[in-house]
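Peer 1: Okay, so the sequence shown: first residue is 0 according to numbering that gives the first Met the number 0, each after it adds one.
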Amino acid sequence: MSETTNTNEEKKKPPLNGRRALPPNNSNDEENEVPEMEAFGLIPRGFNPKDYLRVVDIHMFKEPHEINKQQHHTDKYYGPKLIVRRGQPFQIQIDFNRPYKPETDRFWLEYLIGRYPQQNKGTYIPILVGDVLKPGEWGAKITHKENNSIRLSIMSSATCIVGKFRLYVAVWTPFGILRTQRNSAIDTYILFNPWCQQDAVYLDDEKEREEYVLNDVGIVFHGNINDIKVRSWSYGQFEENILDACLFLMDKAELELSGRGNPIKICRVASAVINSRDDNGVIAGSWDNTYTYGVPPSAWTGSVDILLEYYSSKQPVRYGQCWVFAGVFNTFLRCLGIPARLITNYSSAHDNNANLQLDFFLDDEGKLDTKITKDSVWNYHCWNEAWMTRPDLPVGFGGWQVVDGTPQETSDGMYRCGPASVQAIKHGHVCFPFDAPFVYAEVNSDIVYSRREKNGTQVIEKIDTTHIGQLIVTKEVGGDGMMEITEEYKFQEGSAEERLALETAVMYGVKKQTTQDTRYQPQTDVDMDFQMQKAVLGSDFKVTITFRNRSHNYYTATAYLSGNIVFYTGVTKTEFKKHTFSVQLKPSSSSPFDVVIKSSEYMSDLLDQASFHFFVTARIKETGKILATQKAMVLEIPTLRIKTKGEMVADKEMSVIVEFTNPLKQTLENVTLRLEGPGVLRTMKKEFRQIPANSTLIWELKCIPKRPGLRKLIASLNCNALRHVYGELNIQIQKP
Numbered sequence: 000m001s002e003t004t005n006t007n008e009e010k011k012k013p014p015l016n017g018r019r020a021l022p023p024n025n026s027n028d029e030e031n032e033v034p035e036m037e038a039f040g041l042i043p044r045g046f047n048p049k050d051y052l053r054v055v056d057i058h059m060f061k062e063p064h065e066i067n068k069q070q071h072h073t074d075k076y077y078g079p080k081l082i083v084r085r086g087q088p089f090q091i092q093i094d095f096n097r098p099y100k101p102e103t104d105r106f107w108l109e110y111l112i113g114r115y116p117q118q119n120k121g122t123y124i125p126i127l128v129g130d131v132l133k134p135g136e137w138g139a140k141i142t143h144k145e146n147n148s149i150r151l152s153i154m155s156s157a158t159c160i161v162g163k164f165r166l167y168v169a170v171w172t173p174f175g176i177l178r179t180q181r182n183s184a185i186d187t188y189i190l191f192n193p194w195c196q197q198d199a200v201y202l203d204d205e206k207e208r209e210e211y212v213l214n215d216v217g218i219v220f221h222g223n224i225n226d227i228k229v230r231s232w233s234y235g236q237f238e239e240n241i242l243d244a245c246l247f248l249m250d251k252a253e254l255e256l257s258g259r260g261n262p263i264k265i266c267r268v269a270s271a272v273i274n275s276r277d278d279n280g281v282i283a284g285s286w287d288n289t290y291t292y293g294v295p296p297s298a299w300t301g302s303v304d305i306l307l308e309y310y311s312s313k314q315p316v317r318y319g320q321c322w323v324f325a326g327v328f329n330t331f332l333r334c335l336g337i338p339a340r341l342i343t344n345y346s347s348a349h350d351n352n353a354n355l356q357l358d359f360f361l362d363d364e365g366k367l368d369t370k371i372t373k374d375s376v377w378n379y380h381c382w383n384e385a386w387m388t389r390p391d392l393p394v395g396f397g398g399w400q401v402v403d404g405t406p407q408e409t410s411d412g413m414y415r416c417g418p419a420s421v422q423a424i425k426h427g428h429v430c431f432p433f434d435a436p437f438v439y440a441e442v443n444s445d446i447v448y449s450r451r452e453k454n455g456t457q458v459i460e461k462i463d464t465t466h467i468g469q470l471i472v473t474k475e476v477g478g479d480g481m482m483e484i485t486e487e488y489k490f491q492e493g494s495a496e497e498r499l500a501l502e503t504a505v506m507y508g509v510k511k512q513t514t515q516d517t518r519y520q521p522q523t524d525v526d527m528d529f530q531m532q533k534a535v536l537g538s539d540f541k542v543t544i545t546f547r548n549r550s551h552n553y554y555t556a557t558a559y560l561s562g563n564i565v566f567y568t569g570v571t572k573t574e575f576k577k578h579t580f581s582v583q584l585k586p587s588s589s590s591p592f593d594v595v596i597k598s599s600e601y602m603s604d605l606l607d608q609a610s611f612h613f614f615v616t617a618r619i620k621e622t623g624k625i626l627a628t629q630k631a632m633v634l635e636i637p638t639l640r641i642k643t644k645g646e647m648v649a650d651k652e653m654s655v656i657v658e659f660t661n662p663l664k665q666t667l668e669n670v671t672l673r674l675e676g677p678g679v680l681r682t683m684k685k686e687f688r689q690i691p692a693n694s695t696l697i698w699e700l701k702c703i704p705k706r707p708g709l710r711k712l713i714a715s716l717n718c719n720a721l722r723h724v725y726g727e728l729n730i731q732i733q734k735p
């Protein structure tokens, strides 16, 4: 060997550090070279490997209709390789060059993963053939012998690494070990197994497994507490290349392969890699209504396009907001076999200093001071729950865990959140990892309105203990309806248990400011509330403010209504309506006041979720006290209509028609339509230059559905003036 090649060899080796003998093994994609002949010493001249048992072929039974994918519930994955779940036996057949003789022939299987396989790390797994299979432990036994072939039943460990393994068959000869060649066609994907009792993600209800692992479409609840909106999302966890893209996310996060059998670790690193903050992860968030060089968050109809784009470009995909992060996270979890669901928390607190209260500061006229108010109430916030045991916590905290991929706050120095036990949050045991105090605040904070007087003293005008986390929901099992899960997160508002949970949380270090140091005597004999008329985007509507004077006194008050266009995160963009009026309050009576909001006042500044936030404050002259209340409102957005033409049979061409009527008084420009349906068609896009006011566009396209059964088509329309326009249709695809 000459000098030059020698230095090249040295360059190839990764740098070692003093702490470990081997470099980190954190890529499922990299491989090592495995020798086909591993000699025991000098090989005698007459040695001919052909004299010994030799593997001619290996059958994996990997087609969707064959035994392995059927028994392992992996028949929906679009993938030419074997995909099985851990802790459950699967079958393969080996053809030798002659009949196998157990008395003299010795062979074994080797499963390898990553670049530096080691037996003690679970990345190199030799399996000897035995007589019995022990449940949940690696092993193999012969179930059938015929001519030159044997059938093997192979059991994987219920705690083994989740990923793509390489398979070799090794044969012992007196002079060395002979191995099969590297063959990627017999690579085996091993996933989490919610059907296996020894698996950390075991879920005992078949209906729930079908929903939380096998359902590839879901529902996102958005809008706000007074006006809940619904849209479908295509998770597409079985679509082509999605499994590889999800495994790539763990490589991207540099999660050591030996940790990839642990759902807690996987959730923790995934919650960081789903967003692009600090690690160039999957989705770049944008909440400022400008989506240059990217897709507006509301235009996405599912996760597949996002994951595939990231997998090929390795660069963050633009843009997402909370439901996009949660949708993609759900795909990732279900794809790997971790039961998961998407959650919406209405009136979600984003508490910047985690003191369990949102501080809204009013100026001396009772208007909101936006300069010093840093906390915000999100109309809604979406996160995920993943199902797993928590052996790292005391008994009773397993089950659903909150994980959140939306970048809100850092945790251990990175933008990530979870897994946090829902049960621990409910009982206030927020000392348990990870990020329970933050989630506790999202569903339990109080809103405190305070005002600084001229002399500098701070007066608390109102404390609202019920506004935050009023409703927490997810899609029901086996249907498209809404299931309320608020009581999984908190006890009945005002109950003794709720107080106790709060005291526990405070004891464990959730900061709760006391209101002792500031004067707080609210006006108790006058109530103020307001209602907003439901309205379609582009129309006028009215807000009705009602005062109820329960006392025997005459009061006069000055009221101020502030209408703001807000991001769904509760952050104000513009105040579009200011209205001050004075009120006479007669004893023991209620008085309504109407304020009309014209479309011309709001249309020019409207943001993509058509969200308003109204603040009403009133000062009672006689007592100097302030009443304050706030509500969010979402306009009705028109929908898309989807129809089909002709018969709908797997592998036969069918037509889909999407229609939309422009309801606005203006022409829509540069409109993008998207349509997708897992198992029916890959995402299609079409651009339209203009849609004049009140006119209808019709888009007809052809597709060939792949999978029979009940499927869903999901469409979205997007342009600068109008976003969050959706349509969907359930269709039944017949067997050919």
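The beta carbon of each residue, even a glycine, is placed where N, CA and C say it ideally should be. Since the structure is predicted, the reported quantities are computational estimates derived from the model, not experimental observations.
Between which residues of its own chain and Ile149 is the CB-CB distance below 8 Å, once the five residues before and five after are set aside?
Peer 2: Gln92, Ile93, Phe95, Tyr99, Ile141 and His143
Peer 1: From what residue to what residue does the alpha helix (DSSP H) around Lys251 run?
Peer 2: Ile241 to Lys251
Peer 1: Assign Ser494 to one of two classes, buried (16 or more other C-beta atoms within 10 Å of its C-beta) or exposed (fewer than that).
Peer 2: Ser494 counts as exposed, since fewer than 16 other C-beta atoms from the protein chains shown sit within 10 angstroms of its C-beta.
Peer 1: Measure the CB-CB distance between Gly336 and Val212 and report whether it falls below 8 Å.
Peer 2: yes
Peer 1: Cβ atoms of Val655 and Trp732: under 8 Å apart, would you say?
Peer 2: Looking at the sequence itself, residue 732 is Ile, so the reference to Trp does not match. Cβ atoms of Ile732 and Val655: not closer than 8 Å.
Peer 1: Evaluate Lys711 with the Cβ neighbour count: other Cβ atoms within 10 Å of its Cβ, from every protein chain shown; 16 or more gives buried, anything less gives exposed.
Peer 2: buried
Peer 1: Do you know offhand how far Arg450's Cα is from Phe613's?
Peer 2: Rounded to whole angstroms, the gap between the alpha carbons of Arg450 and Phe613 is 19 Å.
Peer 1: Report yes if the C-beta distance between Gly113 and Leu242 is below 8 Å; otherwise report no.
Peer 2: no
Peer 1: Report yes if the CB atom of Tyr507 is closer than 8 Å to the CB atom of Val429, and no otherwise.
Peer 2: yes
Peer 1: Which of the three DSSP states, helix, strand or coil, is assigned to Asn443?
Peer 2: helix
Peer 1: When you compare only the Cα positions, how much space is there between Pro43 and Ala157?
Peer 2: 44 Å
Peer 1: Buried or exposed for Glu384, going by 16 or more other Cβ atoms inside 10 Å?
Peer 2: buried
Peer 1: Just mark Ala184 as buried or exposed, buried being the case when its beta carbon has 16 or more other beta carbons within 10 Å.
Peer 2: exposed
Peer 1: Only counting runs of 3 or more residues, tell me where the beta strand (DSSP E) segments fall wholly within the segment 378-449, in order along the chain.
Peer 2: 398-402
Peer 1: Pop quiz: Val565 and His578 are said to be a contact at Cβ under 8 Å. What is the actual Cβ separation, rounded to whole angstroms?
Peer 2: Val565 to His578, Cβ: 17 Å. No contact.
Peer 1: Which residues share a DSSP beta bridge with His612?
Peer 2: Asn563 and Ala631, per the DSSP bridge assignment.
Peer 1: Figure out for me which residue from Asn669, Thr616 and Ile690 has the closest Cα to the Cα of Gly365.
Peer 2: Thr616
Peer 1: Determine contact between the segment 33-42 and the segment 164-179, defined as no fewer than three beta-carbon pairs at a distance below 8 Å.
Peer 2: yes
Peer 1: Mark Gln515 as exposed unless 16 or more other C-beta atoms lie within 10 angstroms of its C-beta, in which case mark it buried.
Peer 2: A caution first: Gln515 carries a pLDDT of 48, below 50, which makes its placement in the model too unreliable to give a value.
Peer 1: Bridge partners of Phe220, per DSSP?
Peer 2: Val229
Peer 1: Spell out the partners DSSP gives Gly284 in its beta bridges.
Peer 2: Gly319
Peer 1: Are the segment 296-314 and the segment 672-682 in contact at 8 Å, needing three or more beta carbon pairs?
Peer 2: Yes, they touch.
Peer 1: Distance, Cα to Cα, Pro182 vs Gly280?
Peer 2: Per the sequence shown, residue 182 should be read as Asn rather than Pro. Straight-line Cα distance between these residues: approximately 32 Å.
Peer 1: Can you check the segment 579-604 for any alpha helix (DSSP H) of at least 4 residues that lies completely inside it and give the ranges in chain order?
Peer 2: The alpha helix (DSSP H) runs of length 4 or more contained entirely in the segment 579-604 are, from start to end of the chain, 598-601.
Peer 1: Rounding to the nearest angstrom, what Cα-Cα distance links Glu686 and Glu668 in this structure?
Peer 2: 10 Å
Peer 1: Determine, using beta-carbon pairs with one atom in the segment 587-606 and one in the segment 341-350, whether at least three such pairs fall under 8 Å.
Peer 2: no
Peer 1: Which residues mark the beginning and the end of the alpha helix (DSSP H) in which Ser538 is found?
Peer 2: It is not in any alpha helix (DSSP H) - Ser538 carries neither H nor E in the DSSP assignment.
Peer 1: How is Cys702 classed by DSSP in three states: helix, strand or coil?
Peer 2: strand
Peer 1: Whole angstroms are fine: how far does the CA of Arg688 sit from the CA of Leu367?
Peer 2: 41 Å
Peer 1: Can you tell me which of the three DSSP states Met482 falls into?
Peer 2: strand
Peer 1: Would the segment 370-382 count as touching the segment 219-234 if we require 3 or more Cβ pairs under 8 Å?
Peer 2: yes
Peer 1: Within the same chain, show all residues whose beta-carbon is closer than 6 Å to that of Pro735, passing over the 5 residues directly before and after it, in chain order.
Peer 2: Cβ within range, chain order: Val648, Ala649 and Asp650.
Peer 1: Identify which residue in Ser312, Gly398, Asp604 and Asp358 has its Cα closest to the Cα of Ser463.
Peer 2: The sequence as given places Asp at residue 463; Ser does not occur at that position. When only C-alpha atoms are compared, the closest one is Asp358.
Peer 1: Specify the secondary structure class of Thr514 as computed by DSSP and reduced to three states.
Peer 2: Low confidence applies here, because Thr514 scores a pLDDT of 49, under 50, leaving its location unreliable and the question unanswered by this model.
Peer 1: Can Asp277 and Met413 be called in contact, C-beta distance under 8 Å?
Peer 2: yes
Peer 1: Could you check if His64 is buried or exposed, using at least 16 other CB atoms within 10 Å of its CB as the buried criterion?
Peer 2: exposed
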